[in-house]
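Protein chains in written order, with the numbering used here: chain A, 4 to 352; chain B, 4 to 352; chain C, 4 to 352; chain D, 4 to 352.
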């Protein structure tokens with residue numbers, strides 16, 4: 004039976020290869036706290052893939068990865084610039100403020116979930132006037148692929164990195180869906196991260212087929228000095244860490260992470276193409292990875308929900324009785340699932 | 004000789020009546036930590052003036068008053084809405100985040116330094132979409148008179164209070180220049196505070212002629228339960244508190260606080276009127292209290308600074324080689340000071 | 004081949020029944036964030052076992068469970084009394100201070116890792132003298148079974164609860180090895196928790212055969228108001244929470260948790276009995292659950308470590324060239340493992 | 004009439020020379036936030052007196068000075084060793100935890116309010132066992148003169164500094180009554196501070212005749228990098244800072260600070276000598292500065308309190324119906340005040 008759950012890629016189960024790897028890891032005793040062999044292998048493999056010696060720390064939620072990363076990049080009185088719709092701003096219940104000990108998030112406007120140099124310049128210009136009380140700008144955090152499913156090109160990343168450098172901002176990338184960006188752009192991991200100026204990457208595996216498999220990838224070794232302590236004191240140091248490492252080992256075998264992402268992206272394209280044919284639906288932003296945003300009449304959304312389809316209302320729109328909704332596909336989405344949804348939508352149109 | 008210092012009303016000295024009161028308080032031993040007689044008299048007198056039994060706590064900076072007030076109104080994961088140019092957002096080096104244990108300030112746009120219901124509604128609509136991770140809205144903080152020297156009318160305050168109530172927001176007023184608002188509007192302290200929905204008022208005396216004389220006025224007794232502890236653990240509980248109380252006693256005798264404010268406001272009007280006559284200068288926002296904002300050519304600003312005038316560059320403008328500057332008057336500003344500045348400006352025009 | 008790893012029960016693998024349950028849970032999509040069916044079943048089953056409607060929240064580390072629990076029981080300026088050797092004091096890198104926003108841990112001395120009413124009374128008497136600056140006592144945290152492997156009897160718990168109540172202290176139990184206490188005493192879960200005055204229990208499953216399976220069990224519903232927000236903002240809300248729930252479902256089937264604990268306890272007894280026969284070794288504290296503390300000559304410890312045995316040096320001793328070491332058994336320890344270790348020890352004696 | 008207030012040296016009024024200096028400072032406008040001339044003069048004068056270029060920051064409470072100092076010396080997850088009766092541990096409502104963002108205070112036992120190398124070694128040995136979760140030792144904070152009025156000799160300071168250095172601990176001195184130590188020992192400011200290993204000194208002026216005059220004296224310039232921001236975000240940056248500086252200028256003229264301290268110490272000696280003659284009173288700790296600790300029958304204490312004498316009950320004692328009380332003298336205490344108290348005590352004996 005078709006699965007009509009497009010609420011989030013975190014509704015998906017664990018990829019069988021990942022589950023197998025977890026089960027295979029379950030042999031005998033092992034050193035805890037990341038001192039195990041699997042954790043070392045993952046660090047080495049990530050370094051290889053990113054073409055640079057990285058320090059890699061596993062945690063179980065993207066939120067934790069983001070909070071720990073930001074706590075390394077901003078003092079408690081620093082300012083972190085980010086998109087006004089960034090997950091760290093609107094979806095983590097004040098987590099960056101908690102982890103940094105009180106840093107201020109300065110939201111920046113921008114089309115399609117993307118930061119632009121102009122947007123950042125405006126936000127900086129509007130913020131304070133250089134009094135001794137103006138908190139210092141510390142970091143820039145951007146999401147790739149974005150919360151709207153869109154992508155930063157290499158040129159766009161380069162412009163943002165230049166601006167960040169000029170303002171002395173460290174750069175954090177929330178890569179909860181980094182693999183989807185890799186798959187969509189064809190760029191290498193290095194090109195989309197440290198070569199683009201990123202100091203710390205939150206690298207998501209959970210939505211990509213993992214169970215709870217997020218990595219903090221630190222490119223600048225000077226930054227890791229207190230990472231270990233901060234992870235411990237936030238309760239994110241697993242004792243049986245080998246089961247986290249096993250998930251990433253599986254995702255990296257035969258490039259499974261990119262295959263999973265490519266598949267999820269393709270399913271979103273199928274969905275987007277199909278929705279274009281359904282008259283009252285409009286799509287306000289380009290579909291570049293595995294998220295589709297669709298404006299539809301409230302009655303249609305209700306009919307779909309009543310029929311069992313799962314997806315989130317995202318925002319109000321200017322059009323009366325219409326709202327913007329989000330549909331997310333995953334490694335587990337099947338073409339038939341999309342077709343079933345589209346059929347339902349057509350009948351509700 | 005004329006004083007050309009219009010940088011801030013906190014450059015002014017202490018009013019002689021306040022200094023006398025401090026000196027008069029200096030007799031024999033007294034109970035510390037606000038248990039002295041003068042502190043009790045101030046609480047009683049403020050309650051009388053505000054027509055309500057208030058709890059009144061003295062601290063020495065407006066920043067501390069704001070931080071402590073907000074820490075009573077928001078949980079560590081709450082959201083505090085405030086104007087994007089509010090002092091708590093841009094001028095306190097992350098103090099609200101520190102005092103609340105990590106609350107998020109959500110900046111709201113608005114003309115002339117003022118919040119509007121529409122601006123707040125837009126900010127709320129753009130913020131999150133009701134996911135479990137969206138941090139809860141906790142409080143609204145507004146400044147009266149504002150950082151741009153403008154005023155909220157009673158009707159405007161009432162509209163904001165209605166909106167706050169509908170969203171379950173507690174209301175904080177940063178009254179660093181509350182007396183200037185009283186003097187300008189002719190309204191009573193009660194009308195501009197709790198009758199307008201304010202839960203806690205930061206009541207400024209330092210800029211009004213005090214040495215360091217800020218009061219946290221708490222209208223809702225249920226809110227004070229942990230105030231004393233928070234003040235102590237932030238280091239803002241003075242041992243020799245009688246010298247803080249003495250300042251406010253002096254400011255309240257014969258309505259000195261309103262007289263001081265009225266005078267400062269009048270000096271700003273004189274400045275504004277004079278500047279209107281100087282061709283290249285424009286004033287982008289109404290002068291309603293003791294702050295004047297003036298756009299002038301950079302060369303003119305330089306000439307004035309070179310001649311010893313003190314005032315802050317506030318922001319860039321769209322006009323090339325022009326910037327927005329701020330001029331602040333105080334209880335100590337003399338008409339001759341303003342005239343001397345205007346003469347200088349005319350010669351630099 | 005025998006496993007000589009007695010460093011910690013968290014070196015053990017995942018119990019096969021738990022791993023099977025995780026794999027079985029891996030079917031189709033599910034609601035995230037604990038809204039899944041398995042999470043609901045665990046809450047219901049825990050409530051049944053504890054003979055009371057409990058709120059149950061899954062996290063992945065005992066540290067996180069402790070930090071979140073304590074953040075509900077103490078204001079940021081409160082004092083939490085705990086044993087000077089408690090894990091929350093010495094082994095979590097300041098986590099309770101982080102989660103509570105700055106609460107103070109007041110360490111209390113006590114034999115064999117156990118708090119006593121006398122010890123607590125002394126600590127309170129030595130702490131402050133009732134000045135306005137003395138931070139208020141907020142909570143008592145105790146560990147069952149303790150960090151020394153010892154147990155509180157029901158009478159001891161009752162005395163501590165009486166004292167806590169008299170001082171207005173909330174009561175937290177760190178139950179990282181709660182199952183070991185259940186197995187050793189034969190008491191019911193209720194008798195060792197809420198019936199003994201406990202407000203919130205950190206219930207450990209990871210050391211008991213789980214992968215990462217810790218529950219915060221809240222007995223007082225008034226306390227949960229902000230738990231959900233605090234879990235989210237600390238990054239401990241899993242999206243794919245069903246895989247956490249599955250672990251506890253497995254542990255509770257046919258009382259597996261108690262069987263695992265009983266087995267671990269028995270292995271420790273076998274170890275303790277064996278060590279008694281080895282002349283230079285002394286055991287300074289009673290072996291009541293799955294931890295054995297043994298004082299041995301440094302040369303002997305070195306020989307054992309050189310032979311591949313894993314166990315932690317715990318503390319210095321008064322005896323020159325001797326130190327105290329800790330040996331921990333788990334659900335996975337086999338009688339042959341213990342015998343192999345004992346044989347090694349005899350040969351090193 | 005005699006003043007019977009021996010509750011604390013912070014009950015005393017402001018010294019007339021200090022009050023005069025404040026009033027004299029009240030001329031015309033001045034730069035705010037410590038940019039004024041008086042603040043610069045104080046920094047220069049302190050540097051001269053301490054025989055080293057110091058950075059000097061004025062705040063208004065000793066608590067704030069301590070909190071800011073410690074926030075420079077410990078990361079949020081660090082451990083600060085201090086005496087179990089230190090003011091920062093028992094009298095500041097969790098302020099060090101707040102300012103450091105969660106550092107842990109590890110209380111150390113010691114006779115007469117003094118830390119000893121043995122006491123510190125024991126505390127360290129009992130604290131943790133080097134697991135990855137053991138929070139790192141960061142700083143040692145000691146009080147000179149101590150909360151019991153006793154003194155560290157130069158040799159004792161040197162031993163503590165050696166131990167601190169071996170453990171990599173930064174050293175903070177709470178000098179709320181530093182002048183009393185100078186006066187009692189005859190040592191120089193440098194000898195009792197940086198030459199004794201102190202990195203940051205909280206230098207108290209309030210109890211010495213000031214109104215609210217505490218200095219943070221930073222000997223290691225590398226430490227000041229973020230001090231300014233931390234002071235601002237805690238609300239302790241005064242706008243009209245010249246009035247703080249004026250107080251210290253007055254205290255340093257003709258060595259008034261040492262004269263005030265010498266006088267206060269002498270008054271305590273007179274009190275201690277007199278109490279020795281009163282049979283039921285015993286003094287458990289040496290009187291070395293301006294604090295006297297006396298054990299007396301409860302009936303006697305009640306009679307003294309009923310007669311209007313002010314002094315604090317400090318602790319219970321082993322002797323039934325007796326308690327330990329504290330008597331503090333100040334620059335304002337007169338010999339007749341002490342005699343009047345002694346006469347009362349004799350009549351109550």
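Glycine included, every Cβ here is placed at the ideal spot set by N, Cα and C.
Since residue i is in the beta strand (DSSP E), which residue starts that stretch and which ends it?
{"i": "residue 299/B", "result": "294-300"}
{"i": "residue 137/D", "result": "From DSSP, residue 137/D is part of no beta strand (DSSP E); its letter is neither H nor E."}
{"i": "residue 180/C", "result": "Taken as a continuous stretch (DSSP letters only), residue 180/C belongs to no beta strand (DSSP E), as it is neither H nor E."}
{"i": "residue 329/C", "result": "325-331"}
{"i": "residue 83/A", "result": "82-86"}
Considering only C-alpha positions, which residue in the set the options is nearest to residue i?
{"i": "residue 60/D", "options": "36/D, 82/D and 52/D", "result": "36/D"}
{"i": "residue 274/D", "options": "79/D, 169/D, 329/D and 69/D", "result": "329/D"}
{"i": "residue 79/B", "options": "180/A, 100/A and 192/A", "result": "100/A"}
{"i": "residue 192/D", "options": "133/D, 9/D and 54/D", "result": "54/D"}
{"i": "residue 281/D", "options": "348/D, 103/D and 8/D", "result": "348/D"}
{"i": "residue 234/D", "options": "7/D, 71/D and 58/D", "result": "71/D"}
{"i": "residue 154/A", "options": "290/A, 62/A, 137/A and 201/A", "result": "290/A"}
{"i": "residue 203/A", "options": "351/A, 209/A and 56/A", "result": "56/A"}
CB residue i to CB residue j, shorter than 8 Å?
{"i": "residue 248/D", "j": "residue 42/D", "result": "yes"}
{"i": "residue 336/B", "j": "residue 267/B", "result": "yes"}
{"i": "residue 21/C", "j": "residue 174/C", "result": "no"}
{"i": "residue 126/A", "j": "residue 111/A", "result": "yes"}
{"i": "residue 6/A", "j": "residue 115/A", "result": "no"}
{"i": "residue 205/A", "j": "residue 113/A", "result": "no"}
Just verifying my parser: in three-state terms, what is the DSSP assignment at residue i?
{"i": "residue 120/A", "result": "helix"}
{"i": "residue 30/A", "result": "coil"}
{"i": "residue 303/D", "result": "helix"}
{"i": "residue 113/D", "result": "coil"}
{"i": "residue 154/B", "result": "coil"}
{"i": "residue 175/A", "result": "strand"}
{"i": "residue 227/B", "result": "helix"}
So residue i is in the alpha helix (DSSP H); what residue range does that whole segment cover?
{"i": "residue 90/A", "result": "90-93"}
{"i": "residue 313/D", "result": "Per DSSP, residue 313/D belongs to no alpha helix (DSSP H) and is neither H nor E."}
{"i": "residue 159/A", "result": "157-169"}
{"i": "residue 101/C", "result": "98-103"}
{"i": "residue 341/C", "result": "338-351"}
Given 7 Å as the limit, tell me if residue i has its C-beta closer than that to any heavy atom belonging to the ligand ADP.
{"i": "residue 171/A", "result": "You won't find the ligand ADP in this model; it holds no ligand whatsoever."}
Inset, instruction - Identify each residue in the region 219-249 of chain C for which the Cβ-Cβ distance to at least one residue of chain B is less than 9 Å, and report them in chain order. - result: Answer set for the region 219-249 of chain C: 229, 231, 232, 233, 235, 236 and 240.
Inset, instruction - Identify each residue in the region 309-343 of chain A for which the Cβ-Cβ distance to at least one residue of chain B is less than 8 Å, and report them in chain order. - result: Sequence-ordered contacts of the region 309-343 of chain A with chain B read 315, 316, 317, 318 and 319 [C-beta pairs closer than 8 Å].
Legend entry - Near-chain C residues of the region 160-185 of chain B - C-beta to any C-beta below 7 Å: Listed by position, the residues of the region 160-185 of chain B near chain C (Cβ gap below 7 Å) amount to none.
Legend entry - Where the region 289-304 of chain A meets chain C: residues whose CB sits under 7 Å from a CB there: Answer set for the region 289-304 of chain A: empty.
Inset, instruction - Mind checking the region 100-125 of chain C against chain B and listing, in chain order, the residues whose C-beta falls within less than 7 Å of any C-beta there? - result: Correct list: 104.
Inset, instruction - Determine which residues of the region 8-19 of chain B have a Cβ less than 7 Å from any Cβ of chain D, and write them out in chain order. - result: Those would be 8, 11, 13, 14, 15, 16 and 17, in chain order.
Legend entry - Residues in the region 142-162 of chain A having any Cβ partner in chain C nearer than 8 Å: Cβ proximity to chain C below 8 Å picks out nothing from the region 142-162 of chain A.
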